[in-house]
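Everything in the sequence shown is counted per the numbering used here, starting at 6 for the first residue and increasing by one.
The beta carbon of each residue, even a glycine, is placed where N, CA and C say it ideally should be.
Remember, it's a predicted structure, so these values are computed and weren't measured experimentally.
Worksheet: the structure to be examined is printed underneath.
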Amino acid sequence: MSATTQGLKLTNTLTRAKEPFRPIDPHNVRMYVCGPTVYDFAHIGNARPVIVFDVLFRLLRHLYGVDHVTYVRNITDVDDKINARALRDFGTEIEAGRVTLNEAIRRVTERTADQFHEDVAALGCLKPTFEPRATEFVLPRPDGKADMVTLIGQLIERGHAYEANGEVLFDVASMPDYGRLSRRNLEDQQAGARVAVDAHKKNPADFVLWKRSSPEEPGWESPWGRGRPGWHIECSAMSAAFLGETFDIHGGGLDLIFPHHENEIAQSRCAHGTPVMANYWLHNGFLQVEGRKMAKSEGNFVTIHELLRTEKFGGRKWPGEVLRLAMLMTHYREPIDFSVRKLEEAENVLAKLRRKANNATAGAVDPSFIDALSDDLDLPQYVRLLNATDLPEPALVAAAALIGIDLSAIETDIDVANFVERRLTLIREKNWAEADRIRDDLLAQGIQLKDGKDPVTGERVTTWEVKR
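What follows is the structure, given as structure tokens:
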């Protein structure tokens, strides 16, 4: 364990305060982060928690040792949205009897999970220690790890859940401090987005643990009939299976505080009889695109895949390390405005760092960088230090690597011709400020533009030279 671990502080949503981090067991620091529901390609908002908690994973491994950190990120592969997607994509084949609904669901989840893994690898994220799939933890397991059916049974036995109208529901009134994470009074609670408010509930805020499946829907045999789990119970089972009844850190996006994380806490604490589920709850802020909420109706919905592989955003493809750095230039708890301008700024910073690194091999990380990360993942300060500090080349490479930025490769795929054409258009429009900005941005990346005239036509032409 590093001597600097005593300086690590994290903002705990549970207490609304920045607190010193004290792991339950420094030889096994345990973190759980909610992963994707694999019914569609992950969008850029989904990328933010993956990147943020990848940095925390890297920092914890640096402080406590690679073999002393366990990071679990789940995959939700049973969900009504997945069922709907399978029917949309394979409805004709299902009706013709060529595939079953379960086979269609498997195809959707496998394809989407594979794409997710490809996308987050391109963003420079490490694989978690474990990546359980929800469908593997529905029924009791031969290895004895926690499962959803057993957890639900424990909640019923302890008086925290009840059967009604073919469902099993959590009784929120049975937990005196329900709402502590989100700081909502029980009277103000509303049912979660995936839970209908029905007459058979004791309280409108009661949420589904197990719901009935029709013969056409995926389902498992259980003590309460053939059915499938509710959304929240999945993470309670999978976190307990790999991290125990109480663990160190639970992370996710701000949008998950209520109802998902609140309900996870309720299930886990009441099933196990523990005072907490996790000691530290961390949440990253929301993401907007060009100043607006990202939505398909707004026309600004963009997936990680599209950013990496197509020219949908800003008229070009963006390297994964640029997308990653752009995310890290805003504090993880603050909202982020994801824009072309921000990506261009990150690209310029990355190019400058690569020139400074000069393809050196990594050395030791300077303590000032550990201090910045240890202060509640102060990544903007970290990037400023990278950009401004006159570090020896090996130390610069090591500091960048600690947050998942590789400085060993020099950017080679900049579409200079496209930038030149855009600049010439701006000059014709007499938009000198934007034209100069493109020139300066390219220069920051080691590409010097040279303006001149075509000797035959007299038109303005631009050539360029790479300065390394």
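For residue 13 and residue 285, the rounded distance between their alpha carbons: Residue mapping note: residue 285 aligns to position 280 of the sequence shown, counting from 1. Residue mapping note: residue 13 aligns to position 8 of the sequence shown, counting from 1. When rounded, the distance between both Cα atoms is 12 Å.
Closer than 7 Å: residue 277 CB and nearest the ligand ZN heavy atom: Inclusion of the ligand ZN in the displayed structure is not the case, the ligand content being empty and no account of it being possible.
With 16 other Cβ atoms within 10 Å as the buried cut-off, status of residue 468: Looking up residue 468 in the sequence shown gives position 463. If you draw a 10 Å sphere on the C-beta of residue 468, you find fewer than 16 other C-beta atoms in it, and that means exposed.
Proximity winner among 52, 440, 247, 107, relative to residue 428 (alpha-carbon distances): As a first step, residue 428 must be located in the sequence shown, where it is residue number 423. For the residues 52, 440, 247, 107, the minimum Cα distance to residue 428 belongs to 440.
Identity of the residue in 451, 450, 465 nearest residue 457 by Cα: Within the sequence shown, the letter at position 452 stands for residue 457. Checked all of 451, 450, 465; the closest Cα to residue 457 is 465.
Status (buried if at least 16 other CB within 10 Å, exposed otherwise) for residue 93: Here residue 93 refers to the residue found at position 88 of the sequence shown. Sixteen is the threshold: since fewer than 16 other Cβ atoms of the shown chains lie within 10 Å of the Cβ of residue 93, the residue is exposed.
Residue 358: first and last residue of the uninterrupted alpha helix (DSSP H) it sits in: Against the sequence shown, residue 358 aligns to sequence position 353. Run containing residue 358: 345-362, per the alpha helix (DSSP H) assignment.
Extent of the continuous alpha helix (DSSP H) run through residue 272: In the sequence shown, the residue the question calls residue 272 occupies position 267. From DSSP, the alpha helix (DSSP H) with residue 272 extends over 267-277.
Cα-Cα separation between residue 20 and residue 449, rounded to whole angstroms: Here residue 20 corresponds to residue number 15 of the sequence shown, with the count starting at 1. Here residue 449 corresponds to residue number 444 of the sequence shown, with the count starting at 1. So the two alpha carbons sit approximately 43 Å from each other.
Straight-line Cα distance separating residue 95 from residue 261: In the sequence shown, residue 261 corresponds to position 256, counting from 1. In the sequence shown, residue 95 corresponds to position 90, counting from 1. Computed Cα separation, rounded: 30 Å.
Meets three-Cβ-pair contact criterion under 8 Å: the stretch 271-279 and the stretch 303-314: Contact between the stretch 271-279 and the stretch 303-314 is absent, with fewer than three C-beta pairs closer than 8 Å.
Own chain residues within Cβ distance below 8 Å of residue 353, not counting five before or after: As a first step, residue 353 is located in the sequence shown; it is residue number 348 there, counting from the start. Apart from the 5 residues on each side of it in sequence, residue 353 sits with its Cβ closer than 8 Å to the Cβ of 446, 449, 450 in its chain, given in chain order.
Residue 309 versus residue 426 - alpha carbon distance: Counting from 1 along the sequence shown, the entry for residue 309 is found at position 304. Counting from 1 along the sequence shown, the entry for residue 426 is found at position 421. Here the alpha carbons of residue 426 and residue 309 stand approximately 26 Å from one another.
Given residue 409 as reference, the closest of 73, 74, 129, 66 once Cα atoms are compared: If you number the sequence shown from 1, residue 409 lands on position 404. Selected option, being the one with the closest Cα: 129.
Inter-residue CB distance, residue 323 and residue 333 (contact presumed, cutoff 8 Å): Residue numbering aside, residue 323 sits at position 318 when the sequence shown is read from its first letter. Residue numbering aside, residue 333 sits at position 328 when the sequence shown is read from its first letter. 15 Å between Cβ atoms; not a contact.
Spatially closest choice to residue 23 from 407, 384, 453, 380, by CA coordinates: Numbered from its first residue, the sequence shown carries residue 23 at position 18. Residue 380 is the option with its Cα nearest to residue 23.
Residue 133 classed as buried or exposed, judged by whether at least 16 other C-beta atoms fall within 10 angstroms: Sequence index remark: in the sequence shown, residue 133 carries index 128 (1-based). Flag for residue 133 reads buried.
Under 8 Å between C-beta atoms of residue 184 and residue 269: Within the sequence shown, numbered from 1, the residue matching residue 184 stands at position 179. Within the sequence shown, numbered from 1, the residue matching residue 269 stands at position 264. In this structure, residue 269 does not lie closer than 8 Å to residue 184 by Cβ.
CA nearest to the CA of residue 90, picked from 79, 140, 116: Counted from its first residue, the sequence shown places residue 90 at position 85. Residue 90 has its Cα closest to that of 116, out of 79, 140, 116.
Three-state secondary structure assigned by DSSP to residue 477: One cannot answer for residue 477 here, as it falls past the ends of the chain, which runs 6 to 473.
Test item: CB-CB of residue 79 and residue 145 under 8 Å: As a working note, residue 79 is residue 74 in the sequence shown. As a working note, residue 145 is residue 140 in the sequence shown. With contacts defined as CB atoms closer than 8 Å, residue 79 and residue 145 fail to qualify as a contacting pair.
Inter-stretch contact at 8 Å, needing at least 3 Cβ pairs: the stretch 166-182 / the stretch 213-232: Contact holds: three or more Cβ-Cβ distances are below 8 Å.
Alpha carbon of residue 62 to alpha carbon of residue 435, nearest angstrom: Indexing the sequence shown from 1 puts residue 62 at position 57. Indexing the sequence shown from 1 puts residue 435 at position 430. About 48 Å.
Inter-residue spacing [alpha-carbon to alpha-carbon] between residue 227 and residue 209: Here residue 227 corresponds to residue number 222 of the sequence shown, with the count starting at 1. Here residue 209 corresponds to residue number 204 of the sequence shown, with the count starting at 1. Looking at the backbone, the Cα of residue 227 and that of residue 209 are separated by about 25 Å.
Other residues of its chain near residue 347: CB distance less than 6 Å, five sequence neighbours each side excluded: The residue given as residue 347 occupies position 342 in the sequence shown. Only 331 meet the Cβ criterion.
CA nearest to the CA of residue 39, picked from 340, 366, 143, 57: Translated into the one-based positions of the sequence shown, residue 39 becomes position 34. Here the closest residue by C-alpha is 57.
4 or more residues per run - each alpha helix (DSSP H) lying fully within the stretch 83-117: With a minimum length of 4 residues, the continuous alpha helix (DSSP H) runs that stay inside the stretch 83-117 are 85-100.
Bridge-paired residues (DSSP) for residue 380: Along the sequence shown, one-based indexing puts residue 380 at 375. Residue 380 is bridged to 14.
Local Cβ density within 10 Å of residue 298, reported as buried at 16 or more and exposed below that: For this step, residue 298 is matched to residue 293 along the sequence shown. That one is exposed.
Cβ-Cβ separation, residue 407 to residue 374 (assumed contact under 8 Å), whole Å: Position 369 of the sequence shown, counted from the start, is the residue given in the question as residue 374. Position 402 of the sequence shown, counted from the start, is the residue given in the question as residue 407. The pair is a contact, with the Cβ atoms about 7 Å apart (cut-off 8 Å).
Euclidean distance between Cα positions of residue 206 and residue 87: For the purposes of this step, residue 206 is identified with residue 201 of the sequence shown, where counting begins at 1. For the purposes of this step, residue 87 is identified with residue 82 of the sequence shown, where counting begins at 1. For residue 206 and residue 87, the gap between their C-alpha atoms comes out near 26 Å.
Residue burial classification, residue 4 (beta-carbon count within 10 angstroms, cutoff 16): Residue 4 lies beyond the residue range present for the chain, which begins at 6 and ends at 473; the question has no answer from this structure.
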